[in-house]
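Protein chains in written order, with our numbering: chain G, 18 to 236; chain D, 18 to 236. Just so you know, even glycine gets a beta-carbon here, dropped at the ideal spot from N, CA and C.
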DNA sequence: AAATAAATTTAGAGTTATCAAAATTTAAAT
DNA sequence: ATTTAAATTTTGATAACTCTAAATTTATTT
Ligand SMILES: [Mn+2]
Ligand SMILES: [Mn+2]
Ligand SMILES: [Mn+2]
Ligand SMILES: [Mn+2]
């Protein structure tokens with residue numbers, strides 16, 4: 018049985034490993050979890066002896082198969098609870114992440130099975146992120162940030178990179194929601210901001226916002 | 018902000034104070050929480066400095082108004098989650114207590130408000146226990162254990178004293194459910210077991226079971 | 001190739017909660 | 001009123017996690 022803290026470390030390492038496609042560094046973990054490098058090193062030792070991660074001194078860590086399975090289990094719980102909060106309790110999508118951070122640690126396999134059924138076996142959470150299945154299988158469909166696109170390119174908005182409440186509320190304000198068509202109309206060289214066509218409306222977004230909008234390319 | 022452990026102590030002290038109508042002893046807390054008297058004394062000091070309980074050395078503790086409010090808030094959460102688990106996720110009534118023990122510590126006032134609304138503002142949990150309102154008001158209608166009754170007396174079964182899974186499953190087996198009429202038909206002097214009329218069926222129950230069946234007297 | 005900078009680990013110490021066992025106080029029995 | 005028993009508190013030690021600051025290793029400049 019893992020502690021609350023151990024679970025959070027595994028989840029953080031998983032997320033960082035997806036971003037970097039490589040070994041995860043001590044400092045990046047410290048930044049993600051908002052703790053100090055010294056604490057991270059301590060926990061790395063612990064998770065290593067439990068064979069949840071592999072670690073060579075000064076060389077960063079990677080999750081073992083077992084560690085990855087645990088991490089995906091927590092992410093599954095997190096995202097299912099987010100669906101519950103939005104679809105059943107009528108929370109806004111920017112309010113649910115913090116609460117799900119707590120709910121993801123509730124221990125009961127049966128609870129998650131029943132919750133999944135109650136929600137109608139959803140495949141994505143309110144921010145467009147895929148929900149791993151019971152066995153930890155996750156459908157990672159290739160996502161492109163619109164900041165990588167050129168003029169005239171576009172697709173369907175499927176997710177938002179960071180579930181930051183301020184970001185999500187701003188998107189609400191602009192009328193940007195998941196599932197609609199988005200297309201790059203112009204790129205302003207000066208600051209990288211973009212003119213986009215979202216659902217037949219023209220909008221200007223900063224490069225910082227653009228980075229956070231993830232699409233599935235339309236063929 | 019209280020820790021998980023502090024919350025559990027306050028809840029335990031509240032429950033014990035209801036049973037005893039008096040100061041709660043160190044040993045009874047230790048038994049309830051399944052810990053040692055030494056640990057209880059340590060925590061008593063901590064909760065006293067936080068003014069959540071009052072304590073005189075060797076004389077037991079009582080909750081302050083603030084402590085009572087906190088305890089009732091946790092009980093409110095516990096019982097609302099139990100309703101959710103039974104009514105929405107189709108758990109059996111003997112399966113929910115353990116999970117609610119975890120869920121009761123999730124911190125979010127808004128979550129509980131919304132959950133309460135989603136459940137239709139229930140007034141009792143699946144075991145018949147009253148749910149405190151947002152302000153900590155609890156409708157403690159007078160409950161009588163049928164073990165205190167004489168032959169011919171009875172009422173409506175409104176609650177079960179202990180939410181012990183084995184007990185609850187046995188009651189299921191006997192067909193004993195909350196909300197139906199119950200009446201004492203005979204008392205066997207030898208071991209205190211009782212013959213009861215439950216919902217027009219005759220049943221024999223041990224004195225141990227009888228103690229746990231709580232009724233509201235019919236007038 | 002040295003020197004400097006950055007990242008990582010180690011060392012030492014603090015917090016919260018736990019336990020077993022000893023010491024103290026209160027309650028019960030003789 | 002003593003003695004004995006029971007309840008409670010204190011003491012000393014441990015576990016999990018945290019921090020700051022010093023020491024070490026690796027990476028980057030010059
Ligand atoms: Mn989230
Ligand atoms: Mn978390
Ligand atoms: Mn319960
Ligand atoms: Mn609890």
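Per-residue contacts from residue 180 of chain G into chain D (C-beta, under 7 Å) | For residue 180 of chain G, none of the residues of chain D pass the 7 Å Cβ criterion, the least Cβ distance being about 16 Å.
Could you say which of G/153, G/150 and G/174 lies nearest to residue 159 of chain G if we only look at CA atoms?
-> Comparing Cα positions, the closest option is G/174.
According to the Cβ coordinates, are residue 228 of chain D and residue 164 of chain D closer than 8 Å?
-> In this structure, residue 164 of chain D lies closer than 8 Å to residue 228 of chain D by Cβ.
Considering residue 203 of chain D, what are the terminal residues of the beta strand (DSSP E) in which it resides?
-> Counted as a single uninterrupted DSSP element, the beta strand (DSSP E) harbouring residue 203 of chain D occupies residues 198–204.
Kindly indicate if chain G contains any beta-carbon less than 8 Å away from that of residue 123 of chain D.
-> Answer yes: the Cβ-Cβ gap between residue 123 of chain D and chain G drops below 8 Å somewhere.
Under the assumption that residue 153 of chain G contacts residue 201 of chain G (Cβ atoms under 8 Å), give the Cβ distance between them as a whole number of angstroms.
-> Contact doesn't hold; Cβ gap of about 35 Å is too wide.
Name the two residues that bound the continuous beta strand (DSSP E) containing residue 78 of chain G.
-> Per DSSP, the unbroken beta strand (DSSP E) holding residue 78 of chain G starts and ends at 78–80.
Host beta strand (DSSP E) of residue 71 of chain G (start-end) = Segment 70–72, the beta strand (DSSP E) holding residue 71 of chain G.
Neighbourhood of residue 45 of chain D by C-beta, 8 Å cutoff - its chain only, sequence neighbours within 5 removed = Hits under 8 Å: 33 and 37.
Can you give the Cα-Cα distance for residue 77 of chain D and residue 54 of chain D, rounded to whole angstroms?
-> Going by the C-alpha atoms only, they are around 12 Å apart.
Anything in the region 99–112 of chain G with a Cβ closer than 8 Å to a Cβ of chain D? List those residues in chain order, please.
-> Contact annotation: in the region 99–112 of chain G, residues whose CB is within less than 8 Å of a CB in chain D are 102, 105, 106, 107, 108 and 112.
Determine the chain G residues that contact residue 128 of chain D at a beta-carbon separation under 7 Å, and present them in chain order.
-> Under the 7 Å cutoff, chain G gives 116.
Hey, which unbroken runs of the alpha helix (DSSP H) at 4 residues or more fall wholly within the region 138–191 of chain G?
-> With a minimum length of 4 residues, the continuous alpha helix (DSSP H) runs that stay inside the region 138–191 of chain G are 182–191.
Does the count of Cβ pairs from the region 192–208 of chain G and the region 121–128 of chain G closer than 8 Å reach three?
-> Contact fails: fewer than three Cβ-Cβ distances are below 8 Å.
Boundaries of the alpha helix (DSSP H) in which residue 215 of chain G is found, first to last residue | Counting along the chain, residue 215 of chain G falls outside any alpha helix (DSSP H), though it belongs to the beta strand (DSSP E) covering 211–215.
In chain order, what residues of the same chain have a beta carbon less than 6 Å from the beta carbon of residue 57 of chain G, not counting five sequence neighbours either side?
-> Within the same chain, residue 57 of chain G has close Cβ partners 43, 46 and 47.
Is it right to say residue 169 of chain D is buried, meaning 16 or more other beta carbons lie within 10 angstroms of its own, or is it exposed?
-> Counting Cβ neighbours within 10 Å, residue 169 of chain D comes out exposed, since fewer than 16 surround it.
Which parts of the region 53–123 of chain G are runs of the beta strand (DSSP E), unbroken and 3 residues or longer, counting only runs that do not cross its ends?
-> Here the runs fully enclosed are 70–72 and 78–80.
Which residues bound the beta strand (DSSP E) around residue 218 of chain D?
-> Here the beta strand (DSSP E) through residue 218 of chain D covers 218–222.
Could you give the DSSP three-state label for residue 41 of chain G: helix, strand or coil?
-> Residue state, collapsed to three classes: strand.
Check the Cβ of residue 120 of chain D against every Cβ in chain G and list those closer than 7 Å, keeping chain order.
-> Going along chain G in sequence order, the residues near residue 120 of chain D (Cβ under 7 Å) are 123.
Best match in G/30, G/147, G/155 and G/177 for proximity to residue 193 of chain G [C-alpha to C-alpha] | Closest by alpha carbon: G/177.
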